[in-house]
Structure formats: structure tokens, C-alpha cells
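Participant: Sending over a structure as C-alpha cells; questions will come in a sec.
Residue numbers (the numbering used here), protein chains in the order written: chain A, 1 to 276; chain B, 1001 to 1280.
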């Protein structure tokens, strides 16, 4: 009898302890869910998107509105979440610290997934791929045909600071001098002025520039020389948000919507009259 | 007249060299639409990006100047105070700010101070719960509600920076008043506060005004620096449009002209004020 009672008491203790642990675990999980970016966005009713101007990913049209591939993606994402979208134009060089200090919820700005960046932020699965390509000055680089031609000490290459273009310039043309600019427009101007031999940037920008100034610029080679996955960047330690984003990408990818938008912005020039 | 003529000739010559040497195709047609655009829905002309940026610069400079003048005056009084503690506070402030590059200050205020401070106050939730009337009011005189925290950080940073210089301007103005004025006003039985308010400060104001005007103009120009924390003022908007249109020279020239309009108007206003004060 007595032993039974002792066992009963012990059992009761175990049950209480277990349920306590369970309750605590539930509390932690609820807290995590409540603190996730996705939950806060839903509560606020506004998705704050960090981005930077990159033609044709994101740019200002004549009406002063933002347009572009990334803008379409962000608008659709917000629409599917049932919230409003708010764009926070940010300098590319400071976009990661701005995300980490909570100036916006997510970066939707054609950000290439790199191990180095991934140590600081979490990336969704890729929703787009881009590649680096090169446009060169006819005056300085006439007859150059491959990356090896540009990998010389007397060659200067321009790129935008903090981009994967700058990283790939260092990687593929380590011997060339590198000049970094805050914006692509400054880099293009430098190239047009004939002070740098070539500009490395995400396709299709080099091709567009070569089309626009056929007498001064040319494409040393047609195809892009890297292939980079593009993902959404969010702060670390937030599984719910990543799960939502990944599945959203799967869904709109399966619809063919991503591909259709990509074709519109990258392979046609129908949007050109929005800008000029 | 001669000077104007020479300036115009130089400008034309540079424009010509740019076109010939750099083979730059000038295209001014894209600029006006970024200043003002015709809104089909409302049937009226509304400011577009550049004009919006201009207004933001104006608001930014206005609030920063007001705050900086306030801070500068208080700190100047601290610096000439009889209390050692206040003198030390004033001195520390001036030396700390004046010996720091403004760009570094921008980043410190933006990433560390404003973020920690605003989160502690819980300002964002408060702002989002505001009624439409208050929102409209804030949008007109400061910045649209979602951008207000960043705007506030920029104003505080500019005010901190310019305040240090204004402190020295005000201090120099007060200390330049002859010692006899202090002694005379003390002899007729005024307290130190009354001496300052009734005798010293009115005389000092006339001496403070010209350098203060220079500092106000400086504030307007320095406000361009907050474009690095993505305040959508004139320089930032210009850079954004450059990224979209690649019309580098035209946009820089337009922006320069817009800053000049603002600062030159300030210069003229101060000149008027000085003349008015001398007459009195």
C-alpha cells in the first residue's frame, strides 16, 4: 500500500514536472512566433522593404514612383500577405547594417547570396539568378576579347562598391586595378569618360549600356561569366519568416509569374518609356 | 555685368569641352519632369522627386537650425558660466563634436543612438497609431510618418554638429562685449541674469548675426551629408535619379542650382536683417 502511494506521489510529481516543461516550451515557441518578422509585419499591416536603385531591378519612373523587377516582387509579396508595402531606398553600401538595426524588415533588392553575407543575415532560397558581365571602352580596350585580356596591371576596372560585381572583379581580374563607385551611374560615367577600361555589373546593365553608346562602348564577350543566386535577406534566427518566404517563392515560381516578370524587365524594353 | 559675362562664357566653354572631349550628349529634357509633374488624377501640377527632395532639405535645415541655435545658445552660456561643471560640459561638447568628422557622427547617431533610443521610447507604435490629421500635419512640417524616426535622427545629428559651431559663435559674441559693460550694469544693481538679458545679449546679437548666418548656410549645405543614411533630401534624390537615368551632369548642375537658390536667398535675407538692425 505504502509503496503504491509513494509511486503515486512520484508519478504525480513527474506528470507535473513534464507538463510544466511542456508549458514552458509552448511559451518559448509562442514567444518566438510572436517575435518573428512575419508576425510583426502582419500586426503592423506594413511590410518595410529595403532596396537600392539598380536598373532594371528598381528605379524611379517619371511619376516619381518606384518600378522594376524587385519592386514587382515586393508588391506581390505584400499583396499575398495582405499588407501594405513601404519601400525604404537605402544606399547599397549600408544596406546590411540597416537591416540588422531594424530600419526595414527584408531586403528585396537583387541581393546575391554569398557565404560572406550569409554569415550576417539569413537568405531565402533563390527566386532569381543573375550573372556578371562586362562592358568595355572602345577607346582603351579595343580588341580585348576575354577576361584574361583585362587581367593586366595596366587595366582599370570599375564596379559598384559592396556588390558581388566588385567581388568578381577581384576574383577574375586580380591583376587589374579596381575603382569602386557608390552608384552604377558614376561608374558608367567614368567608363564613358574613358578613364577606366571596363565596367563589371550584373547583366543586363552592360548590354544596355553598349546598346545606348555603340560608338564608345562594346561588349568584349556576349555571355555573363558568373551565375549568382538572388534571395531575400532577413535577420538571423527567424525560422517562420524563412519558411514563409521559401514557400512563397515556390508558389509564385510554379505559377510562372516570376519568369514572366523577369522576361518583361530583363529581355524587353517596353518599360523604357516609363523612365524617359 | 563684366563678371556675369565672363562666368557665362566660362560655363559655355566647359559645356562645349565636355561635349567634345567626353562626347557627352547633353539632354536637358529629362530634368523638368523630375521637378514637377502633371498629376492626371488630381488635374494639378505636383512636385516630383527633385522638388520633393528640395522641400525635405528645406525642412531638415529649418528644424536643424532651430535646434542648433537653441543648443548653441545654451552651451555658450554654459561655456562662460561661473560653475566649473557647466564650463566643462560646454567645453566637452564643443571639442568632441568639432573634432569628429561629420560623416562618422551621422553613422553613430543613425545606427546606435537613434535606434536604441527610439526603440526604448516605443515611438514607432505611437506614430503608427496617430490619427489622419496628425499624420498630415507631420508630413507637411517634418516628414511622412513612416520616415519620421530617420528624419529625427538626421535633424538631431545636424543640430549636434552645427550646434558646436554656433556655441563658439555665440560665446565669441558675448565675450567680445567690453568688460566695462558688465561692470557698469553690475554697478546699477542688476543681477547676472539681468545683465546678460538686458545689456550684454542685445549688443552681442549684432556681432553674432553675420557669422550665425554663415553657419545657417553651412547647415543647408551640410544637410547633403545625411543622404548616406537614406534621408530623401535633394542630394539623395538626385543620386537616385542619376542611377535611373544616367544623366549625371545635368542632374548635378540642377541640384547645385537648387542649393544655390536656397543659400543665396538666406544670404540676402540676412543682409536685409543686418541693415535693419544698424538703422535701429
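For glycine and all other residues, C-beta sits at the position ideal for the given N, C-alpha and C.
1. What first and last residue would you give for the alpha helix (DSSP H) that runs through residue 1182 of chain B?
2. Does the beta-carbon distance from residue 1241 of chain B to residue 1251 of chain B come in below 7 Å?
3. Can a CB atom of chain B be found closer than 7 Å to the CB of residue 68 of chain A?
4. With three or more C-beta pairs closer than 8 Å as the rule, is the stretch 1083-1092 of chain B touching the stretch 1181-1190 of chain B?
5. Report yes or no: do three or more beta-carbon pairs, one from the stretch 1067-1078 of chain B and one from the stretch 1157-1166 of chain B, lie closer than 8 Å?
6. Is residue 1043 of chain B near the ligand FAD, in the sense that its beta carbon is under 6 Å from a heavy atom of that ligand?
7. Can you tell me whether residue 37 of chain A is helix, strand or coil according to DSSP?
8. Hey, how far is the Cα of residue 1173 of chain B from the Cα of residue 204 of chain A?
9. To the nearest angstrom, how far is it from the Cα of residue 80 of chain A to the Cα of residue 130 of chain A?
10. Below 7 Å CB to CB, which residues in the same chain sit around residue 124 of chain A once its five sequence neighbours on both sides are set aside?
11. Consider the Cβ of residue 189 of chain A: report whether some Cβ of chain B lies at a distance smaller than 7 Å.
12. Distance check for residue 141 of chain A and residue 217 of chain A, CA to CA, integer angstroms please.
13. Run through chain B and tell me which residues come within less than 7 Å of residue 193 of chain A, C-beta to C-beta.
14. Which bits of chain B does residue 101 of chain A rub up against, with CB to CB less than 7 Å?
15. So is residue 253 of chain A in contact with chain B if we call contact Cβ pairs under 7 Å?
16. For residue 1240 of chain B, go through chain A and note every residue whose CB falls closer than 7 Å to its CB, in chain order.
17. Candidates A:89, A:75, A:76 and A:67: which alpha carbon is nearest residue 1236 of chain B's?
18. Does the distance from the CB of residue 1071 of chain B to the CB of residue 1106 of chain B come in under 7 Å?
19. In the structure shown, what three-state DSSP assignment does residue 129 of chain A receive?
20. Would you please state the rounded distance, in angstroms, between the beta carbons of residue 1057 of chain B and residue 1239 of chain B? I believe it to be under 8 Å.
21. Measure how close the beta-carbons of residue 1142 of chain B and residue 1247 of chain B come, nearest whole angstrom, since I'm counting them as under 8 Å.
22. Quick one: Cα of residue 170 of chain A to Cα of residue 1036 of chain B, how far?
23. Using beta carbons (cut-off 7 Å, strictly below), is residue 1161 of chain B in contact with chain A?
Facilitator: By the coordinates alone:
1. For the purposes of this step, residue 1182 of chain B is taken as residue 182 along the second chain, with counting starting at 1. Note, residue 1182 of chain B: alpha helix (DSSP H), 1179-1187.
2. Translated into the one-based positions of the second chain, residue 1241 of chain B becomes position 241. Translated into the one-based positions of the second chain, residue 1251 of chain B becomes position 251. Cβ distance < 7 Å, so residue 1241 of chain B and residue 1251 of chain B count as in contact.
3. In the first chain, the residue the question calls residue 68 of chain A occupies position 68. Chain B contact via Cβ: absent.
4. no
5. yes
6. The ligand FAD is not part of the structure shown, which contains no ligands of any sort.
7. Taking the first residue of the first chain as position 1, residue 37 of chain A is located at position 37. Helix, per DSSP.
8. Taking the first residue of the second chain as position 1, residue 1173 of chain B is located at position 173. Taking the first residue of the first chain as position 1, residue 204 of chain A is located at position 204. Their Cα atoms are separated by approximately 59 Å.
9. As a working mapping, residue 80 of chain A is identified with position 80 in the first chain. As a working mapping, residue 130 of chain A is identified with position 130 in the first chain. The alpha-carbon atoms of residue 80 of chain A and residue 130 of chain A are separated by roughly 25 Å.
10. If you number the first chain from 1, residue 124 of chain A lands on position 124. Excluding sequence neighbours, residue 124 of chain A sits near 231, 232, 242, 245, 246 and 249.
11. One-based indexing of the first chain puts residue 189 of chain A at position 189. So, interface residue.
12. As a working mapping, residue 217 of chain A is identified with position 217 in the first chain. As a working mapping, residue 141 of chain A is identified with position 141 in the first chain. One C-alpha to the other measures close to 9 Å.
13. Locating residue 193 of chain A in the first chain gives position 193, counting from the first residue. Result: 1022.
14. By one-based count along the first chain, residue 101 of chain A stands at place 101. Chain B residues near residue 101 of chain A: 1111 and 1115.
15. Taking the first residue of the first chain as 1, we reach residue 253 of chain A at position 253. No, no contact with chain B.
16. For the purposes of this step, residue 1240 of chain B is taken as residue 240 along the second chain, with counting starting at 1. By Cβ distance, chain A contributes 53, 60 and 89.
17. Along the second chain, one-based indexing puts residue 1236 of chain B at 236. Per the Cα distances, A:89.
18. By 1-based counting over the second chain, the position of residue 1071 of chain B is 71. By 1-based counting over the second chain, the position of residue 1106 of chain B is 106. Not closer than 7 Å, so no.
19. Taking the first residue of the first chain as 1, we reach residue 129 of chain A at position 129. Here residue 129 of chain A sits in strand by DSSP.
20. Taking the first residue of the second chain as position 1, residue 1057 of chain B is located at position 57. Taking the first residue of the second chain as position 1, residue 1239 of chain B is located at position 239. Not quite, the Cβ-Cβ distance comes to about 13 Å (not below 8 Å), so this is no contact.
21. Position 142 of the second chain, counted from the first residue, corresponds to residue 1142 of chain B. Position 247 of the second chain, counted from the first residue, corresponds to residue 1247 of chain B. So it is not a contact: roughly 30 Å between Cβ atoms.
22. On the first chain, position 170 is the one that residue 170 of chain A refers to. On the second chain, position 36 is the one that residue 1036 of chain B refers to. Going from the Cα of residue 170 of chain A to the Cα of residue 1036 of chain B covers about 42 Å.
23. By one-based count along the second chain, residue 1161 of chain B stands at place 161. Judged by the 7 Å Cβ criterion, residue 1161 of chain B is not in contact with chain A.
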